[in-house]
Each structure stands twice: as C-alpha cells, then as structure tokens.
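Residue numbering for the sequence shown follows numbering that gives the first Met the number 0, starting at 0 and increasing by one per position.
Note that the Cβ used here is the ideal one computed from N, Cα and C, for glycine as well.
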Amino acid sequence: MNHLRQFDPAVACTYLAQRDKGLARIMAGVGDLQLEVRRNRSVFEYLCRSIVYQQLSGKAASTIHGRLLDLFPNRRVAPGQLLAMPVEHLRAAGLSRSKCIALLDLADRGAAGELPDTRALHAMSDELIIERLSEVRGVGEWTVQMLLIFYLGRADVLPIRDLGVLKGYQKMRRLATLPKPSRLARAGRRWQPYRSVATWYLWRCLDIELPTA
Numbered sequence: 000m001n002h003l004r005q006f007d008p009a010v011a012c013t014y015l016a017q018r019d020k021g022l023a024r025i026m027a028g029v030g031d032l033q034l035e036v037r038r039n040r041s042v043f044e045y046l047c048r049s050i051v052y053q054q055l056s057g058k059a060a061s062t063i064h065g066r067l068l069d070l071f072p073n074r075r076v077a078p079g080q081l082l083a084m085p086v087e088h089l090r091a092a093g094l095s096r097s098k099c100i101a102l103l104d105l106a107d108r109g110a111a112g113e114l115p116d117t118r119a120l121h122a123m124s125d126e127l128i129i130e131r132l133s134e135v136r137g138v139g140e141w142t143v144q145m146l147l148i149f150y151l152g153r154a155d156v157l158p159i160r161d162l163g164v165l166k167g168y169q170k171m172r173r174l175a176t177l178p179k180p181s182r183l184a185r186a187g188r189r190w191q192p193y194r195s196v197a198t199w200y201l202w203r204c205l206d207i208e209l210p211t212a
C-alpha cells in the first residue's frame, strides 16, 4: 500500500463499485488500483517539472527535463540557482521562451517564500491549493489537480477538462460523442468522496476492451 495516499484504496474501490455499475465493470477489467503517489521532491521541483512537461510528448519532455537537471548540482533545481542560471543555458536545454519565463516566475515566488511547502499544503483545501498555485505563470487548474492526486494523494479530485478522463467516461457509458465537462462534473457527484480513484480508472479503461454485455 502506498502510505502517501490520504485514503484507503480498498474502501474507495468497494464504495465506487457499489455506487456505479459501469465503473465497477471497468474496475474489474483494469484490476487493482495502481495509483502511485510520489513525494521525492519539493513542491517547487514538482511544479518545475510540470511546466517543462506541458504540451510535449513524454519522451521529448523527459529529455528536456533531464538536460535542465544536468545544469544544477546533484540534479536538484532550487529557486535561487534557477534565478542565477543564464536564460541562454535554459534555452539551450530545449526550453521555449515562454517556459523559461514561467520557470523564472516560479523561482521568484519560491525565493520569496510565496510557495507553500508540503506541510502547508496538507493544511489547505483542494480549492485553496488550486487558487494559490494557479497564481504562478504557466500553472493552471489541471497542473494543480495532478499535484493533488499524484503528490498529495488527495482522494476527491476530478479533472473534468482532462481529455483522457472525458474519453474514458465516453467509453464507459458508450456515448456517441465526447461528453462536455459539465456532464462529467454531474456524473462525478456519485463518486464522491473518491473521485481521484474514479479518475484513475477512467484513464486506464482506455487501455482495455470492455465486455459487450
């Protein structure tokens, strides 16, 4: 069991299977919950990586992020070091100009003590975390929602604008067209307080064949 989660996965899965037959069918096809929560870096480093990865394929993003880490001692990026790094070096690592600007804004806030650390985040609601971290240039609602799920292990997050989740819901309900985010939001009410788990299964259902019955 991943002890960084803020919920019991067995309890969550049992609850969801009882609440939604369609989701229960997906859960049976996908198998055990493998939602991993990782907290092996600071909030600053997590957001730094998130900015680098935006709008890139996984392989390209991993390469650029690796080059960025290579610029710093022990491959750990700190706000002050990032602010001192010549922009030309960041650009040479493969970062776009807009991402350089976003990273420097993040570093400014980190150096000024404006970024809440993990302990502070644990004391904040999901809504407040989204509000606070979305103030950072290049960090939007979706990015913070991923932090809530995969960094903080929050149980009840549903990224209604995530294309994978929307496609998963479309497949689960056998809809002819992609649902609107508002429909997914309404559907998600029955999954509370474990919408993060439902989200994970909707992502994974895209990788399996659903039974026709």
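Close-in-space but distant-in-sequence residues of the same chain around residue i (CB under 7 Å, 5 per side omitted)
{"i": "SER133", "result": "GLY139, GLU140, VAL143"}
{"i": "GLY167", "result": "LEU201, TRP202, CYS204, LEU205"}
{"i": "VAL29", "result": "TYR200, ARG203, CYS204, ILE207"}
{"i": "ALA110", "result": "PRO78, GLY79, LEU82"}
{"i": "ARG18", "result": "ARG189, TRP190"}
Among the options, the one whose alpha carbon lies nearest that of residue i
{"i": "ALA122", "options": "LEU151, GLY163, ALA110", "result": "LEU151"}
{"i": "LEU183", "options": "ASP161, PHE6, ALA91", "result": "ASP161"}
{"i": "ALA186", "options": "ALA27, VAL36, ARG172", "result": "ARG172"}
{"i": "VAL135", "options": "ASP7, GLU126, GLU113", "result": "GLU113"}
{"i": "ARG38", "options": "ALA23, ILE100, ARG4, THR62", "result": "ARG4"}
{"i": "ARG96", "options": "LYS20, PHE6, ARG189, ILE50", "result": "ILE50"}
{"i": "ASP107", "options": "MET84, ALA119, GLY65, ASP125", "result": "MET84"}
{"i": "LEU94", "options": "GLN53, PHE149, SER181, THR198", "result": "GLN53"}
{"i": "SER124", "options": "VAL76, ILE148, ASN73, ARG74", "result": "ILE148"}
{"i": "ARG75", "options": "ALA91, LEU55, GLU44", "result": "GLU44"}
{"i": "LEU102", "options": "LEU67, ALA119, PRO72", "result": "LEU67"}
{"i": "LEU22", "options": "LEU177, VAL164, SER61", "result": "VAL164"}
{"i": "VAL156", "options": "ALA91, LEU177, ILE129", "result": "ILE129"}
Contact set for residue i: own chain, Cβ-Cβ below 8 Å, skip 5 residues either direction
{"i": "LYS170", "result": "CYS204, LEU205, LEU209"}
{"i": "ALA11", "result": "LEU32, ALA154, TYR193, VAL196"}
{"i": "ASP116", "result": "SER41, VAL42"}
{"i": "LEU46", "result": "LEU105, LEU114, LEU132, VAL135, VAL138, THR142, LEU146"}
{"i": "LEU120", "result": "VAL42, ILE128, LEU151"}
Span of the alpha helix (DSSP H), counted from its first residue to its last, around residue i
{"i": "ILE50", "result": "42-52"}
{"i": "PRO85", "result": "Unbroken run through PRO85: none, as it is neither H nor E."}
{"i": "THR13", "result": "8-18"}
{"i": "VAL196", "result": "194-203"}
{"i": "PRO180", "result": "180-186"}
{"i": "GLU140", "result": "140-149"}
{"i": "GLN169", "result": "162-172"}
6 Å CB neighbourhood of residue i in its chain, flanking five on each side removed
{"i": "MET0", "result": "Low confidence applies to MET0: its pLDDT is 47, below 50, so where it sits in the model is not reliable enough to give any reading."}
{"i": "LEU89", "result": "CYS99"}
{"i": "ILE159", "result": "PRO180, LEU183, ALA184"}
{"i": "PHE6", "result": "ALA154"}
Supposed contact pair residue j and residue i - C-beta distance, whole angstroms, cut 8 Å
{"i": "MET26", "j": "LEU34", "result": "MET26 to LEU34, Cβ: 12 Å. No contact."}
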